[in-house]
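Asker: Residue numbers (numbering that gives the first Met the number 0), protein chains in the order written: chain F, 0 to 244; chain V, 0 to 280. First the structure, which I've put down as structure tokens, then a few questions once you've had a look.
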Amino acid sequence: MSDAVVRLRGIRKSFGDRTVLDGIDLDIAPGEFVALLGPSGTGKTTLLRLLSGLQRADAGTVLVPEVRTVVYQEPRLVQARRVLANVTIGQRGKAARGPGLAALAEVGLADKARSWPATLSGGEAQRVALARALVRQPELLLLDEPFAALDALTRLQMQELVAELCAAHRPAVLLVTHDVDEALLLADRAIVLRDGGFALDRRIDVPRPRDRDGHAVIAHRKDYLAALGVSPDRSPRRSDEHAHA
Amino acid sequence: MTVTPLRATPAAAGLAEPEFLGEKSRNRWLSLALRASVPTLLLVAWWYTTSRGLVSTEVLASPGQVVRAFGELVETGQLWDYALASFRRAGLGVGIGVGVALVLGLVSGLTRLGEELVDATVQIVRVVPFLALVPLFISWFGVDEAFKVALIAVSSASPMYAYTYLGVRSVDRKVIEAVRGFGLRGTRLAIGVILPSALPNILMALRICLGISLVGLIAAEQVGATEGIGYLVTLAQQYYRNDYMVLCIVIYAAIGIGVDLVIRLVERTAMPWRRHGTASG
Numbered sequence: 000m001s002d003a004v005v006r007l008r009g010i011r012k013s014f015g016d017r018t019v020l021d022g023i024d025l026d027i028a029p030g031e032f033v034a035l036l037g038p039s040g041t042g043k044t045t046l047l048r049l050l051s052g053l054q055r056a057d058a059g060t061v062l063v064p065e066v067r068t069v070v071y072q073e074p075r076l077v078q079a080r081r082v083l084a085n086v087t088i089g090q091r092g093k094a095a096r097g098p099g100l101a102a103l104a105e106v107g108l109a110d111k112a113r114s115w116p117a118t119l120s121g122g123e124a125q126r127v128a129l130a131r132a133l134v135r136q137p138e139l140l141l142l143d144e145p146f147a148a149l150d151a152l153t154r155l156q157m158q159e160l161v162a163e164l165c166a167a168h169r170p171a172v173l174l175v176t177h178d179v180d181e182a183l184l185l186a187d188r189a190i191v192l193r194d195g196g197f198a199l200d201r202r203i204d205v206p207r208p209r210d211r212d213g214h215a216v217i218a219h220r221k222d223y224l225a226a227l228g229v230s231p232d233r234s235p236r237r238s239d240e241h242a243h244a
Numbered sequence: 000m001t002v003t004p005l006r007a008t009p010a011a012a013g014l015a016e017p018e019f020l021g022e023k024s025r026n027r028w029l030s031l032a033l034r035a036s037v038p039t040l041l042l043v044a045w046w047y048t049t050s051r052g053l054v055s056t057e058v059l060a061s062p063g064q065v066v067r068a069f070g071e072l073v074e075t076g077q078l079w080d081y082a083l084a085s086f087r088r089a090g091l092g093v094g095i096g097v098g099v100a101l102v103l104g105l106v107s108g109l110t111r112l113g114e115e116l117v118d119a120t121v122q123i124v125r126v127v128p129f130l131a132l133v134p135l136f137i138s139w140f141g142v143d144e145a146f147k148v149a150l151i152a153v154s155s156a157s158p159m160y161a162y163t164y165l166g167v168r169s170v171d172r173k174v175i176e177a178v179r180g181f182g183l184r185g186t187r188l189a190i191g192v193i194l195p196s197a198l199p200n201i202l203m204a205l206r207i208c209l210g211i212s213l214v215g216l217i218a219a220e221q222v223g224a225t226e227g228i229g230y231l232v233t234l235a236q237q238y239y240r241n242d243y244m245v246l247c248i249v250i251y252a253a254i255g256i257g258v259d260l261v262i263r264l265v266e267r268t269a270m271p272w273r274r275h276g277t278a279s280g
């Protein structure tokens with residue numbers, strides 16, 4: 000793994016006396032889509048913030064590529080700038096316009112280039128945020144629960160869109176999520192972060208496009224739910240379903 | 000299994016239409032008429048009491064007298080000279096005060112070092128009533144234009160600073176974090192993102208600043224002035240011209256309304272992103 004675009008070695012991070020990352024090692028290969036799962040408060044987002052430079056590790060080394068972008072749970076658009084200006088934000092000159100419009104077209108919002116963010120729906124705003132992240136052609140794309148705030152239908156559409164765009168552009172991706180199905184739909188590799196370490200780290204070798212309810216996916220799902228502490232025998236509703244099936 | 004229903008029978012007697020708790024709509028013209036009614040009533044009362052001699056014109060000049068005084072000022076050309084002189088002073092003073100305060104507010108709102116260096120000091124200075132500075136400023140600048148402009152600048156600086164600081168502080172940190180990640184830093188971040196986001200606060204401050212500058216004008220034009228709207232107040236007081244005293248009040252009210260209208264217009268044109276309602280779905 001000498002050509003990894005992300006290299007973490009011995010990462011430690013504590014908040015007070017609570018250690019959320021306890022000696023993490025992680026390599027992400029170019030174009031690899033990694034999903035990071037974990038219950039709330041396990042340090043998923045902390046790990047992502049270390050990669051985006053918003054937080055510092057207490058110990059260990061963090062190596063990331065030059066060009067990396069983030070899509071957050073909220074769109075985080077600048078209300079005072081039009082949609083296209085939001086996409087090309089931070090880039091100088093008129094040269095950014097063309098790629099900006101192309102990125103908007105890719106997320107299906109070419110006709111919204113001159114709109115104000117306040118006039119967009121939640122899903123549209125999040126697609127603008129995605130265009131803003133992709134237009135820079137990142138080597139590393141960080142997704143911090145980007146679908147969590149969307150309604151169920153929009154979430155499904157966004158997941159398909161992200162799958163398509165990542166397949167087309169092949170950035171290395173780290174997706175932080177608490178949704179096992181989402182991870183299994185999108186990722187080449189899914190990791191469960193628990194008690195400061197990786198409780199499960201497995202390649203998801205299911206061919207795409209993936210069927211959310213396919214056998215291969217369901218087989219993985221059980222293991223991941225178990226690793227997350229939602230094992231069938233602990234969840235009464237699920238054990239009932241299995242008993243009667 | 001026995002099921003106990005919540006209510007035995009949905010007897011029609013026990014049911015009622017829900018009382019409407021939403022906002023009731025109101026006729027726009029009725030609302031407008033009601034708004035205008037109290038000022039109109041006051042005007043009529045003024046006219047009636049002074050014209051019938053119920054209130055001596057020594058105490059309160061009648062509307063007719065005030066209009067005549069206004070006519071006098073227009074005829075002699077003094078009104079425009081005075082207004083121009085005051086606008087020049089106010090414009091220059093507010094311009095300087097607001098400019099400096101805006102930069103200070105931005106600096107202390109944006110950077111921790113700026114906040115540490117600027118904020119505490121400005122907050123201390125801010126609580127000093129600016130009128131207390133009049134004698135000191137006269138001894139520094141004399142009684143000429145410099146003194147007047149400086150006094151107005153100081154008077155308008157403190158609200159602008161406070162509102163700008165507040166406005167910058169209340170810009171969504173998450174958005175700033177995101178756009179910094181996309182490479183927007185320094186002055187481009189301040190001008191492109193933070194300033195527009197803080198604009199509602201800044202315009203609110205501008206409205207207050209212009210109001211306060213009128214107070215500053217009265218104070219500044221009481222000494223060493225031969226023209227100006229504040230000078231008119233002094234003049235009216237010296238010659239005990241009740242009609243001029245009332246006229247001054249009317250002029251101030253008119254300026255106040257004018258300022259308000261201008262700022263409203265600016266608010267509408269300078270923030271096009273707020274004009275469109277949110278169409279979230």
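Ideal placement from N, C-alpha and C gives every residue a C-beta, glycine not left out. In this text, all values refer to a predicted model and were calculated from it rather than measured experimentally.
Suppose contacts are defined by Cβ-Cβ distances below 8 Å. Is A249(F) in contact with R193(F) by that definition?
Answerer: The requested residue 249(F) is not part of the displayed model; chain F covers only 0 to 244.
Asker: List the residues of chain V that S51(F) touches, going by C-beta distances under 8 Å, in chain order.
Answerer: For the purposes of this step, residue 51(F) is taken as the residue at position 52 of the first sequence. Simply G180.
Asker: Could you tell me whether the segment 45 to 60 of chain V touches the segment 177 to 188 of chain V, using the rule of 3 or more Cβ pairs below 8 Å?
Answerer: Output reads no: the segment 177 to 188 of chain V does not touch the segment 45 to 60 of chain V.
Asker: Using a beta-carbon distance below 8 Å, is P195(V) in contact with chain F?
Answerer: For the purposes of this step, residue 195(V) is taken as the residue at position 196 of the second sequence. True, the Cβ-Cβ gap to chain F drops below 8 Å.
Asker: If you follow the beta strand (DSSP E) that R8(F) is in, where does it begin and where does it stop?
Answerer: For the purposes of this step, residue 8(F) is identified with residue 9 of the first sequence, where counting begins at 1. From DSSP, the beta strand (DSSP E) with R8(F) extends over 5 to 14.
Asker: Is the CB of E65(F) under 8 Å away from at least one CB in chain B?
Answerer: Of the chains in the structure shown, none is chain B; the protein chains are F and V.
Asker: Name, in chain order, the residues that DSSP records as bridge partners for I23(F).
Answerer: Sequence index remark: in the first sequence, residue 23(F) carries index 24 (1-based). Paired residue(s): I10(F).
Asker: Should S234(F) be labelled buried (16 or more other beta-carbon atoms within 10 Å of its own) or exposed?
Answerer: As a first step, residue 234(F) must be located in the first sequence, where it is residue number 235. Confidence in S234(F) is poor, its pLDDT being 46 and thus under 50, which makes the residue's placement unreliable; the coordinate value appears in the next sentence. S234(F) is exposed by the Cβ-count criterion.
Asker: From which residue to which residue does the beta strand (DSSP E) around R80(F) run?
Answerer: Here residue 80(F) refers to the residue found at position 81 of the first sequence. Looking at the DSSP string, R80(F) is not in any beta strand (DSSP E), and its letter there is neither H nor E.
Asker: Below 8 Å on the Cβ atoms is my contact criterion, and I expect G121(F) with A148(F) to pass it. Report the Cβ-Cβ distance as a whole number of Å.
Answerer: Against the first sequence, residue 121(F) aligns to sequence position 122. Against the first sequence, residue 148(F) aligns to sequence position 149. Confirmed, Cβ separation roughly 7 Å.
Asker: Could you work out which residues of chain V lie near Y223(F), taking near to mean beta carbons separated by less than 9 Å?
Answerer: Within the first sequence, the letter at position 224 stands for residue 223(F). In chain order: nothing, as chain V lies at least about 29 Å away.
Asker: From the beta carbon of T68(F), is the nearest beta carbon of chain V less than 8 Å away?
Answerer: Looking up residue 68(F) in the first sequence gives position 69. Chain V contact via Cβ: present.
Asker: Distance check for E16(V) and S154(V), CA to CA, integer angstroms please.
Answerer: Looking up residue 154(V) in the second sequence gives position 155. Looking up residue 16(V) in the second sequence gives position 17. Approximately 58 Å, taken between the alpha carbons.
Asker: Compile a chain-ordered list of the residues in the segment 83 to 113 of chain F whose CB is closer than 8 Å to at least one CB of chain V.
Answerer: From the segment 83 to 113 of chain F, only I88, G89, Q90 have a Cβ closer than 8 Å to chain V.
Asker: Tell me, please, whether the segment 88 to 106 of chain V touches the segment 151 to 166 of chain V by the rule of three or more beta-carbon pairs shorter than 8 Å.
Answerer: As far as the Cβ criterion goes, the segment 88 to 106 of chain V touches the segment 151 to 166 of chain V, which means the pair count is three or higher.
Asker: At 7 Å on the CB atoms, spell out the chain V contacts of V77(F), in chain order.
Answerer: Taking the first sequence and counting its residues from 1, one reaches residue 77(F) at position 78. By Cβ distance, chain V contributes V174, V178, V192.
Asker: Counting contacts by CB-CB distance shorter than 8 Å, is M0(F) in contact with chain V?
Answerer: Locating residue 0(F) in the first sequence gives position 1, where the first residue counts as 1. Any reading at M0(F) is ruled out, since the residue's pLDDT is 48, under 50, leaving its predicted position unreliable.
Asker: If you pair each beta-carbon of the segment 95 to 113 of chain F with each one of the segment 52 to 68 of chain F, do three or more pairs fall below 8 Å?
Answerer: With a cut-off of 8 Å, the segment 52 to 68 of chain F and the segment 95 to 113 of chain F do not count as touching, because too few Cβ pairs lie within range.
Asker: Which whole-angstrom value describes the C-beta separation of E181(F) and Q158(F), a residue pair presumed to lie in contact below a C-beta threshold of 8 Å?
Answerer: As a working mapping, residue 181(F) is identified with position 182 in the first sequence. As a working mapping, residue 158(F) is identified with position 159 in the first sequence. About 6 Å; that satisfies the 8 Å criterion.
Asker: For the beta strand (DSSP E) that D171(V) lies in, which residues bound it at each end?
Answerer: Residue 171(V) sits at position 172 when you count from the first residue of the second sequence. Counting along the chain, D171(V) falls outside any beta strand (DSSP E), and DSSP gives it neither H nor E.
Asker: Roughly how many whole angstroms lie between the Cα atoms of D204(F) and I217(F)?
Answerer: Against the first sequence, residue 204(F) aligns to sequence position 205. Against the first sequence, residue 217(F) aligns to sequence position 218. Their Cα atoms are separated by approximately 13 Å.
Asker: Given that A130(F) touches chain V, what residues does it touch there, using C-beta distances under 9 Å?
Answerer: Working through the first sequence from its first residue, we reach residue 130(F) at position 131. Going along chain V, no residue has its Cβ under 9 Å from A130(F), so there is no contact; the nearest lies around 12 Å.
Asker: Should R75(F) and V174(V) be called a contact, given that it needs their Cβ atoms to be closer than 8 Å?
Answerer: For the purposes of this step, residue 75(F) is taken as the residue at position 76 of the first sequence. For the purposes of this step, residue 174(V) is taken as the residue at position 175 of the second sequence. Yes, the pair counts as a contact, with Cβ atoms nearer than the cut-off.
Asker: Taking Cβ to Cβ, would you say L174(F) is nearer than 8 Å to L35(F)?
Answerer: By one-based count along the first sequence, residue 174(F) stands at place 175. By one-based count along the first sequence, residue 35(F) stands at place 36. Yes. Within cutoff.
Asker: Please compile the residues from chain V whose C-beta is within a distance smaller than 8 Å of the C-beta of A151(F).
Answerer: Numbered from its first residue, the first sequence carries residue 151(F) at position 152. Under the 8 Å cutoff, chain V gives no residues; its nearest Cβ is about 14 Å from A151(F).
Asker: Could you check which residue in A171(F), L184(F), V229(F) has the C-alpha nearest to that of D210(F)?
Answerer: To locate residue 210(F), count along the first sequence from 1; it is residue 211. Per the Cα distances, L184(F).
Asker: Reducing DSSP to helix, strand and coil, say where T245(F) ends up.
Answerer: This structure gives no information on residue 245(F), because the portion of chain F shown stretches from 0 to 244.
Asker: Check whether chain V comes within 8 Å of A242(F), counting only Cβ atoms and requiring the distance to be less than that.
Answerer: As a first step, residue 242(F) must be located in the first sequence, where it is residue number 243. The pLDDT assigned to A242(F) is 41, lower than 50, so where the model puts this residue is not dependable, and the model offers no usable value.
Asker: Identify each residue in the segment 78 to 109 of chain V for which the Cβ-Cβ distance to at least one residue of chain F is less than 8 Å, and report them in chain order.
Answerer: Per Cβ criterion, the list is empty.
Asker: Within 7 Å: the Cβ of K23(V) and any heavy atom of the ligand ADP?
Answerer: You won't find the ligand ADP in this model; it holds no ligand whatsoever.
Asker: For D210(F), which three-state DSSP category applies?
Answerer: Walking along the first sequence from the start, residue 210(F) turns up at place 211. DSSP places D210(F) in coil when its eight states are reduced to three.
Asker: Using DSSP bridges, identify the partner residues of L224(F).
Answerer: Along the first sequence, one-based indexing puts residue 224(F) at 225. The partner list for L224(F) (beta bridge, DSSP) is empty, contrary to what the question assumes.
Asker: At which residues does the beta strand (DSSP E) containing G21(V) begin and terminate?
Answerer: As a first step, residue 21(V) must be located in the second sequence, where it is residue number 22. That residue, G21(V), is in no beta strand (DSSP E); it is neither H nor E in DSSP.
Asker: Closer than 8 Å by beta-carbon distance: list the chain V residues that pair up with E73(F), in chain order.
Answerer: Against the first sequence, residue 73(F) aligns to sequence position 74. Correct list: K173.
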